[in-house]
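Asks: Going letter by letter, the sequence shown gives residues 1 to 113 in our numbering. Note that beta-carbon positions come from the ideal geometry of N, C-alpha and C, so glycine has one too. For clarity, every value in this text was computed on a predicted model and none was experimentally measured. Structure incoming, see below.
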Amino acid sequence: MASISAYGADLSNNATGPEQREADLRVIAARCGTPAFESAFFRQSTAAVKAGLISKDRTPVDTEKKITALRRSAFVLVASTSDCPAQLAQLAALQRTRSTLIKAARPAFEKGH
Numbered sequence: 001m002a003s004i005s006a007y008g009a010d011l012s013n014n015a016t017g018p019e020q021r022e023a024d025l026r027v028i029a030a031r032c033g034t035p036a037f038e039s040a041f042f043r044q045s046t047a048a049v050k051a052g053l054i055s056k057d058r059t060p061v062d063t064e065k066k067i068t069a070l071r072r073s074a075f076v077l078v079a080s081t082s083d084c085p086a087q088l089a090q091l092a093a094l095q096r097t098r099s100t101l102i103k104a105a106r107p108a109f110e111k112g113h
């Protein structure tokens, strides 16, 4: 099973970019989570994009467009609902880590804009 870093990176597969990994995480949250979990994960994901945690080389608008374009089928990412508990545990851990990073990045982001 792949592990997820604070930036949404699949640490076992460096072949995909951060935008693809973020798109995959959003799909996993939608497939495995409740509507409330999916909504909270999406809000935090967009906050991470705005804070520059996903891509430092693109604007947040361009990053969001790329993430949207790269979304894959949920069935490709999560073959069975029996995989969901482990996936949700990783997403919850990612949310806790990102929360701290977003809060730390927010003052710098607000000063710059």
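Rounded to whole angstroms, how far is the Cβ of L119 from the Cβ of A23, which I believe are closer than 8 Å?
Replies: There is simply no residue 119 to check, as the chain begins at 1 and stops at 113 in what is shown.
Asks: Rank R21, C32, P60 and L101 by C-alpha distance to the C-alpha of V78 and give the top, closest one.
Replies: The residue you call residue 78 lines up with position 78 of the sequence shown. Answer by Cα proximity: C32.
Asks: Less than 7 Å separating the beta-carbons of I102 and A47?
Replies: For the purposes of this step, residue 102 is identified with residue 102 of the sequence shown, where counting begins at 1. For the purposes of this step, residue 47 is identified with residue 47 of the sequence shown, where counting begins at 1. In contact: I102 and A47 (Cβ atoms closer than 7 Å).
Asks: Work out the CA separation of A29 and E38 for me, nearest whole Å.
Replies: The residue given as residue 38 occupies position 38 in the sequence shown. The residue given as residue 29 occupies position 29 in the sequence shown. Cα-Cα distance, rounded: 5 Å.
Asks: Go to I54, then tell me how far its alpha helix (DSSP H) extends in each direction, as first and last residue.
Replies: Taking the first residue of the sequence shown as 1, we reach residue 54 at position 54. Run containing I54: none; DSSP gives neither H nor E here.
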